[in-house]
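Numbering (full-length UniProt numbering), first residue to last: 1 to 410.
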């Protein structure tokens with residue numbers, strides 16, 4: 001296939017994906033004014049429901065603006081030789097393929113982030129501020145950016161350099177070695193993310209002794225779940241929205257509760273949320289997702305190895321000299337339809353797992369506090385209670401609130 005044909009295929013993929021996403025967003029927006037289901041009538045009062053509708057409509061309009069800008073920017077970059085310009089600049093720095101690639105990706109990623117930062121700033125300090133969610137200071141916003149750049153340079157740059165070194169050394173068999181490294185890195189991050197990465201952005205402290213900790217430990221002992229580490233994270237530093245998550249294995253296993261969650265829910269509701277997270281562990285969802293991620297990475301790297309030496313894949317994005325880094329950009333766009341399909345499958349399985357975790361919490365603790373906690377969390381985040389089924393199918397990793405409530409009441 002010629003580079004011209006691949007260029008038009010890349011353009012078609014970008015445009016079709018934009019049309020599909022815009023259509024889904026439009027369909028979803030048409031459901032904003034639907035009546036609230038009977039089982040959710042107690043989530044919002046009239047004033048809160050009006051506020052939630054305004055929040056959804058504002059985000060819809062802003063999302064349409066940002067996605068349109070992103071598409072036009074990408075199409076313009078492809079059509080006007082943007083990648084060739086960056087590639088030429090990167091090659092002027094060094095003759096080493098690893099350094100060229102690192103400079104190439106650094107320019108693209110930092111440049112893209114700088115261009116889109118005004119949108120992120122507006123989202124945080126105008127939209128989220130207007131609806132009472134934002135707690136992020138301007139210092140924290142920009143400090144997070146700098147920390148993100150540093151992590152991207154160390155972790156992203158290190159992995160990229162190693163993968164290109166494998167390619168230079170092993171040719172098209174590089175994918176096997178790259179897969180092994182990525183798999184080890186994925187396992188390492190699953191074990192130590194909360195210990196190593198989270199403290200760079202948030203403060204964590206052990207849950208204080210008291211009735212909540214006693215209830216959590218009592219429940220964990222009841223279901224045979226060994227838990228030594230219960231941490232509270234200062235989520236309120238950035239937002240009023242609440243969350244909780246489970247991470248790690250073995251001695252590194254820990255439960256993390258946002259301080260906003262502790263403030264918003266009563267103790268039985270917090271234990272019910274924890275019971276849901278324990279359900280994921282007991283039903284082996286975490287291990288399944290980890291193995292699936294590693295296998296999918298291997299599949300992607302194998303496909304990359306089939307195309308990486310094709311000059312047409314590199315030159316389709318407008319560069320004059322084929323390279324690993326240019327082919328990686330071209331392949332990434334060409335692979336996106338496959339990524340959409342695998343994403344649909346993983347979202348479907350994720351929704352099934354959420355029901356199973358809810359059932360575990362219901363059977364080992366109670367349904368009522370989990371229902372009330374889900375309603376409170378939806379209320380406090382102004383969630384969409386009436387999403388379009390097509391939007392749910394394409395994007396939701398969790399079932400809609402109404403579906404979860406009905407399942408818990410069944």
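All C-beta atoms in this analysis are idealised placements derived from N, C-alpha and C, irrespective of residue type, glycine included.
On a predicted model such as this, the values are computed, not experimentally measured, just so you know.
message = Need the endpoints of the beta strand (DSSP E) that residue 257 sits in, please.
response = Walking along the chain shown from the start, residue 257 turns up at place 257. Unbroken beta strand (DSSP E) run through residue 257: 254 to 258.
message = Tell me the DSSP secondary structure of residue 134 in three-state form.
response = To locate residue 134, count along the chain shown from 1; it is residue 134. It is a strand residue.
Given residue 19 as reference, the closest of 2, 49 and 67 once Cα atoms are compared = Locating residue 19 in the chain shown gives position 19, where the first residue counts as 1. Comparing Cα-Cα distances from residue 19 to each of 2, 49 and 67, the minimum goes to 67.
request  = Counting only runs of 3+ residues fully inside the stretch 155 to 224, write out the beta strand (DSSP E) ranges in chain order.
outcome  = 204 to 206
message = Strictly by DSSP, which residues pair up with residue 231?
response = By 1-based counting over the chain shown, the position of residue 231 is 231. According to DSSP, which records beta bridges pairwise, residue 231 is partnered with 206 and 256.
query = By the 10 Å Cβ neighbour count, where 16 or more other Cβ atoms means buried, how is residue 269 classified, buried or exposed?
reply = Here residue 269 refers to the residue found at position 269 of the chain shown. Looking at its Cβ environment, which holds 16 or more other Cβ atoms inside 10 Å, residue 269 is buried.
request  = Work out the CA separation of residue 379 and residue 35 for me, nearest whole Å.
outcome  = For this step, residue 35 is matched to residue 35 along the chain shown. For this step, residue 379 is matched to residue 379 along the chain shown. C-alpha separation (whole angstroms): 16 Å.
Buried or exposed (CB count within 10 angstroms, at least 16 for buried), residue 150 = Locating residue 150 in the chain shown gives position 150, where the first residue counts as 1. Exposed, by the Cβ-count rule.
ask   = Excluding five sequence neighbours on each side, which residues of the same chain lie with their C-beta closer than 7 Å to the C-beta of residue 58?
value = The residue labelled residue 58 in the question sits at position 58 within the chain shown. Within the same chain, residue 58 has close Cβ partners 127.
query = Per DSSP, what kind of secondary structure is residue 486 in: helix, strand or coil?
reply = Here the chain comprises residues numbered 1 to 410, so residue 486 is not present and cannot be evaluated.
query = Can you check whether the CB of residue 239 is closer than 8 Å to the CB of residue 133?
reply = The residue you call residue 133 lines up with position 133 of the chain shown. The residue you call residue 239 lines up with position 239 of the chain shown. In contact: residue 133 and residue 239 (Cβ atoms closer than 8 Å).
ask   = Is DSSP giving residue 67 helix, strand or coil here?
value = In the chain shown, residue 67 corresponds to position 67, counting from 1. Correct three-state label for residue 67: helix.
key: Cutoff 7 Å; reference residue 400; Cβ partners in own chain excluding five residues on either side   = Taking the first residue of the chain shown as position 1, residue 400 is located at position 400. Answer for residue 400: 387 and 392, listed in chain order.
message = Give me the residue from 375, 404, 394 and 303 with the minimum Cα distance to residue 17.
response = Residue numbering aside, residue 17 sits at position 17 when the chain shown is read from its first letter. Ranking 375, 404, 394 and 303 by Cα distance to residue 17 puts 394 first.
key: Contacts around residue 355, its chain only, beta-carbon distance under 6 Å, and the 5 residues preceding and following it disregarded   = Numbered from 1 along the chain shown, position 355 holds the residue referred to as residue 355. Result list for residue 355: 407, in chain order.
message = Beta-carbon within less than 8 Å of residue 103's beta-carbon, same chain only, minus the 5 sequence neighbours each way: which residues are those?
response = Translated into positions along the chain shown, residue 103 becomes position 103. Once the five neighbours on either side are set aside, the close Cβ partners of residue 103 are 89, 90, 93 and 94.
query = So residue 80 is in the alpha helix (DSSP H); what residue range does that whole segment cover?
reply = For this step, residue 80 is matched to residue 80 along the chain shown. Premise fails: residue 80 is in no alpha helix (DSSP H) and is neither H nor E.
task = Output the distance between the C-alpha atoms of residue 285 and residue 81, rounded to the nearest integer angstrom.
result = Here residue 285 is taken as the residue at index 285 of the chain shown, counted from 1. Here residue 81 is taken as the residue at index 81 of the chain shown, counted from 1. Computed Cα separation, rounded: 45 Å.
task = Round the Cβ separation of residue 164 and residue 97 to the nearest angstrom and send it over; I've been treating them as touching at under 8 Å.
result = If you number the chain shown from 1, residue 164 lands on position 164. If you number the chain shown from 1, residue 97 lands on position 97. About 6 Å; that satisfies the 8 Å criterion.
query = Roughly how many angstroms lie between the CA atoms of residue 4 and residue 316, to the nearest whole one?
reply = As a position in the chain shown, residue 4 is number 4, starting the count at 1. As a position in the chain shown, residue 316 is number 316, starting the count at 1. Approximately 6 Å between the Cα atoms of the pair.
message = Taking only three categories from DSSP, how would you classify residue 310?
response = Taking the chain shown and counting its residues from 1, the one referred to as residue 310 is at position 310. It is coil, neither helix nor strand.
ask   = Within the chosen definition, does the stretch 286 to 294 reach the stretch 253 to 272 through at least 3 CB pairs nearer than 8 Å?
value = no
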